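Position 54 of the sequence shown, counting from 1, maps to 87 under the numbering used here, and the rest follow consecutively.
A short write-up of the structure that comes next.
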Amino acid sequence: MATATPMFIADAALGRLATWLRLLGCDVVYARAADEAELIRHARAEQRVLLTRNTRLLRRRALPPHLFVHSDDFRLQLKQVVEACGLRVAPAFLARCVRCNTPIENLDRAAACTRVPEYVCETQTAFARCPSCGRIYWPATHVARMRRELARMGLQAD
Ligand SMILES: [Zn+2]
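Structure below.
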């Protein structure tokens, strides 16, 4: 049995990291407005690994599982989390909405074409939609861009 991918909660300093972890298919709550006590409570209640840049928070007693993120650079942050948590860089590309963390669903082309620019409709064949916020994705383009960026980070996708 494969080990379950951990779920995460990211503090206010880690918005871009949260987006990138979602791109890899991880379930990430971005707790932009939570204070320290809320972060800890939320992490514990949903058994999420707490990702933080806040050294003061680390001094609290009885922290739930957490990872102190060292860098200010989201590329190095992502690399750290991928390595520390043994995340696979690949299988769940675009499984989650990067904006709101909801699992996305396939959308048929006819429906997509009423909502995307004409050139996108003409050049893309597969589409997906977030059922929560309505954002539409065209995986071919998004995945290609993501692979290039991951390669630049030294995280080669399988
Ligand atoms: Zn969404």
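We treat Cβ as the ideally placed atom computed from N, Cα and C, and that holds for glycine.
On a predicted model such as this, the values are computed, not experimentally measured, just so you know.
Asked                                                                                                                                                                                       : Found
If distances are taken between C-alpha atoms only, which option among 122, 107, 166, 152 comes closest to residue 48?                                                                       : 107
With a threshold of 7 Å (Cβ to nearest heavy atom), would residue 52 be considered close to ligand 1?                                                                                       : no
Going along the chain, which residues of its own chain have a beta-carbon closer than 7 Å to the beta-carbon of residue 97, five neighbours each way excluded?                              : 73, 76, 77, 83
Within 10 angstroms of its Cβ, does residue 59 collect 16 or more other Cβ (buried), or is it exposed?                                                                                      : buried
Can you tell me whether residue 62 is helix, strand or coil according to DSSP?                                                                                                              : strand
Give every residue of the same chain whose Cβ lies closer than 6 Å to the Cβ of residue 46, excluding the five residues on either side of it in the sequence, and list them in chain order. : 86
Considering only heavy atoms of ligand 1, list every residue whose Cβ is less than 6 Å from one of them, following chain order.                                                             : 130, 132, 133, 135, 163, 165, 166, 168
So, for residue 118: in the same chain, excluding its five sequence neighbours on each side, which residues have a beta-carbon less than 6 Å away from its beta-carbon?                     : 39
Under a three-way DSSP split, which group does residue 137 fall into?                                                                                                                       : coil
If you measure between the beta carbons of residue 57 and residue 102, is that distance less than 8 Å?                                                                                      : no
For a test of the three-state rule: what should DSSP assign to residue 102, helix, strand or coil?                                                                                          : coil
What did DSSP end up calling residue 153 once you bin it into helix, strand or coil?                                                                                                        : helix
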